[in-house]
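Peer 1: Numbering follows full-length UniProt numbering, with no gaps: position 16 of the sequence shown is 16.
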Amino acid sequence: MIQSSVEFFKNLPAKQCSECGEKIEEQHECYGSKCDHCLHVSVN
Ligand SMILES: [Zn+2]
Numbered sequence: 001m002i003q004s005s006v007e008f009f010k011n012l013p014a015k016q017c018s019e020c021g022e023k024i025e026e027q028h029e030c031y032g033s034k035c036d037h038c039l040h041v042s043v044n
């Protein structure tokens, strides 16, 4: 049986922000474990 692309993405672990628990978009994974919002907030 061929695994569908939907099942493939389901197996990927959902990344969440370590600050607020917001789901992190794939495009921001290089920044670490914080969402875009918290990344800007944490810059004091
Ligand atoms: Zn956050």
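All residues carry an ideal CB built from backbone N, CA and C; glycine is no exception. These figures come from a predicted structure and were not determined experimentally.
Between which two residues does the alpha helix (DSSP H) holding Cys38 run?
Peer 2: Here residue 38 refers to the residue found at position 38 of the sequence shown. Looking at the DSSP string, the run of the alpha helix (DSSP H) that includes Cys38 is Asp36 to Val41.
Peer 1: By DSSP's criteria, Lys23 is part of a beta bridge. Which residues make up the other side?
Peer 2: Your numbering for residue 23 matches position 23 in the sequence shown. Looking at the DSSP assignment, Lys23 forms a beta bridge with Gln16.
Peer 1: Using the three-state DSSP reduction, which class does Ser4 fall into: helix, strand or coil?
Peer 2: On the sequence shown, position 4 is the one that residue 4 refers to. Looking at Ser4 - three-state DSSP - the assignment turns out to be coil, as it is neither helix nor strand.
Peer 1: Out of Val41, His37 and Ser4, point me to the one whose CA is closest to Glu22's CA.
Peer 2: Within the sequence shown, residue 22 is the residue found at index 22, counting from 1. Selected option, being the one with the closest Cα: His37.
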